[in-house]
Every structure is written in C-alpha cells, then in structure tokens.
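Participant:
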Amino acid sequence: MNKIILQGIMYDDKSSFLKGPALAPQKIREHYRSPSANYFAENGLEIAPDIFDDKGDFQISSYFDIEEITSKNINGKNSILTLGGDHSISYPVIKAFQKVHGTVDVIHIDAHADLYDSFEGDPYSHACPFARIMEEKLVNRLIQIGIRTFSKHQREQAKKFGVEVIEMNGLHKLESLELNNPVYISLDMDALDPAYAPGVSHYEPGGLSTREVLSIIQSIPVPIPGADIVEYNPTRDINDMTGMVCAKFLKEIASKMIENNPQ
Ligand code: MN
Ligand code: MN
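Position in the sequence shown (from 1) plus 915 gives the number in the working numbering.
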C-alpha cells in the first residue's frame, strides 16, 4: 500500500487577525497520538503512524519556501496531506501539487471564501489564496462549502472565477453535488461552528457540525490525492477540543485517501 505523505507547515505570517496556527502541526500530531483515542477511522481502517511517510514539520522563513518544500516532499504516486498553518499555505502547496498531480477539483470547506484580490495590501494574505489559485488556473473546479461571510467583492470574485459555492444557508445543495475528477480537500477549521471548534482565530457562528464535515469527507466518491487542514489556532483552544477534532479529520481524510485511491 502506498503511504500518505505527511508534512507540517509552521506558518502564520499571513494571518490578518491573530497569530497561532504556526503551532498547529505539532499540536495536531500530539492529539493524533493521544492515548485518549485509538487510530481507527470510521471506515474500519487503522490509521497508525506507519501509514504515513512523515516528512516532519517545517519552519518557514519566506512565504514561497512553502512551494519549494512541498515540491521536495511530493511525488506523483502518493497522496499528500499538509497540516497548516494559516490558509495562505494552500496557494503555494497547491502550486507545487498541480505540477506533479495535474489540475484537479478542489473541495474548499470554510466560513470564508478567501477570494480577496488583496487584503490589507497583501495579495498573499490568508484571505486571498483562492484568488491566486483561480487566476493561475491551478485547479479545475473550485467547490466551496460552508461560506457565510461573503462580501460584495468576494461574491464578484466568485462569479468572475466560476466558483461553485454551497453557502451555509443553502447546505441542502450538497445533495446534488456531483464529483467526477480527483479532488483536493482544503479544510479550514473555522468552517465548523465555534461550538465544535473554538480553537480558531475567526469565530463565525452558524457553521458546520463536526458530523457534517465528516459526512462531506466520507461521501467523496473519487480519488483524493491531496488535502490540507488549516487555521487551527491552539492558543484559542479550550481543553484541546479543536485539537482532537483536527486529529479526527486527519484520520478520516487519510482513511478516505486509502479507500478511494487506486493502489
Ligand atoms: Mn480560509
Ligand atoms: Mn476561514
């Protein structure tokens, strides 16, 4: 069986409001190994540490080093799972990913569309990665789920780039979502309602439940060559609640990668 490449990107320089997500990769690993839980995913697969080709956690001094590091860690055969970091990491990660795996569809689960042309003067802010990704045509379809903070500008951006948006107030549209190509999952932890995941920088009430996110992941019928889990902010967490949710998503995404990917 092909191992899943695991990398941690310790980076939160592009966070507009609070720092903290740089601490997330190590915390997620800690919670994943917590003796309070086991390694079994809900599909019956055991996601023990030897499932991963673990490249370790990387400290980042310059934003585009993320692309270079990912390029060194990636190959065309194995799926890659990245632990962020703030959401700005997804642009350089997907840039490296696209060169090796080609142009796939993206399922982006988030309270925010992250489509700003520029935010507070920075086109690489964590509010902007999907504008850069769409401009450079790094992905085929971009499907956003859970959005509940659309500004006028971002709605226009979504229209301009042909983004398929399933807003939080229209979640029933998930039922008619059809997927035919491999997908990359970009999972921003603030997609969850703060009640389920208080360890994030931006609280946006009225969000997804842990079970709803699990259902989205578990119902993906196509190969998943890549994924990232971003925006966990351990400095805001309560009793490691959000850390354990991240660890659960790590196991569930990994198990789905194994289940769906041709070996
Ligand atoms: Mn985001
Ligand atoms: Mn967000």
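Think of the CB as a built atom: it goes at the ideal place given N, C-alpha and C, for glycine as much as any other residue.
#1: Should the region 1019-1032 be regarded as contacting the region 1046-1064, the criterion being three or more beta carbon pairs within less than 8 Å?
#2: Are there three or more Cβ pairs, one per stretch, closer than 8 Å when the region 1136-1147 is compared with the region 961-969?
#3: For LYS1163, which of helix, strand or coil comes out of DSSP?
#4: Is HIS1068 a contact residue of ligand 1, with contact defined as CB to any heavy atom under 8 Å?
#5: Could you name the residues, in chain order, whose CB is less than 6 Å away from a heavy atom belonging to ligand 1?
#6: Which residues does DSSP pair with ASP965 in a beta bridge?
#7: Determine the DSSP secondary structure at TYR1006, reduced to helix, strand or coil.
#8: I need the straight-line Cα distance from LYS987 to SER1066, nearest angstrom please.
#9: For HIS1117, is the beta carbon positioned less than 8 Å from some heavy atom of ligand 2?
#10: Is ALA1112 near ligand 2, going by C-beta to nearest heavy atom under 8 Å?
#11: For the pair the region 1108-1120 and the region 1150-1160, tell me if three or more CB-CB distances fall below 8 Å.
#12: Helix or strand or just coil, what does DSSP make of THR997?
#13: Which one or two residues does DSSP pair with ILE1060 in a beta bridge?
Facilitator: Once the coordinates are examined:
#1: yes
#2: no
#3: Residue 1163 sits at position 248 when you count from the first residue of the sequence shown. Looking at LYS1163 - three-state DSSP - the assignment turns out to be helix.
#4: Here residue 1068 is taken as the residue at index 153 of the sequence shown, counted from 1. Result no, Cβ not under 8 Å from ligand 1.
#5: HIS1002, ASP1025, HIS1027, ASP1029, ASP1103, GLU1146
#6: As a working note, residue 965 is residue 50 in the sequence shown. Answer by DSSP bridge pairing: none, since ASP965 is not bridged.
#7: By one-based count along the sequence shown, residue 1006 stands at place 91. Reduced to three states, the DSSP call for TYR1006 is helix.
#8: The count along the sequence shown starts at 1 and reaches residue 987 at position 72. The count along the sequence shown starts at 1 and reaches residue 1066 at position 151. Rounded to the nearest angstrom, the two C-alpha atoms are 37 Å apart.
#9: What you label residue 1117 is simply residue 202 of the sequence shown in a count that begins at 1. Yes.
#10: Taking the first residue of the sequence shown as 1, we reach residue 1112 at position 197. The answer is no for ALA1112.
#11: yes
#12: Within the sequence shown, the letter at position 82 stands for residue 997. If DSSP states are grouped into helix, strand and coil, THR997 belongs with the strands.
#13: Mapped onto the sequence shown, residue 1060 falls at position 145. Note: ILE1060 sits in a beta bridge opposite ILE1024, ILE1081.
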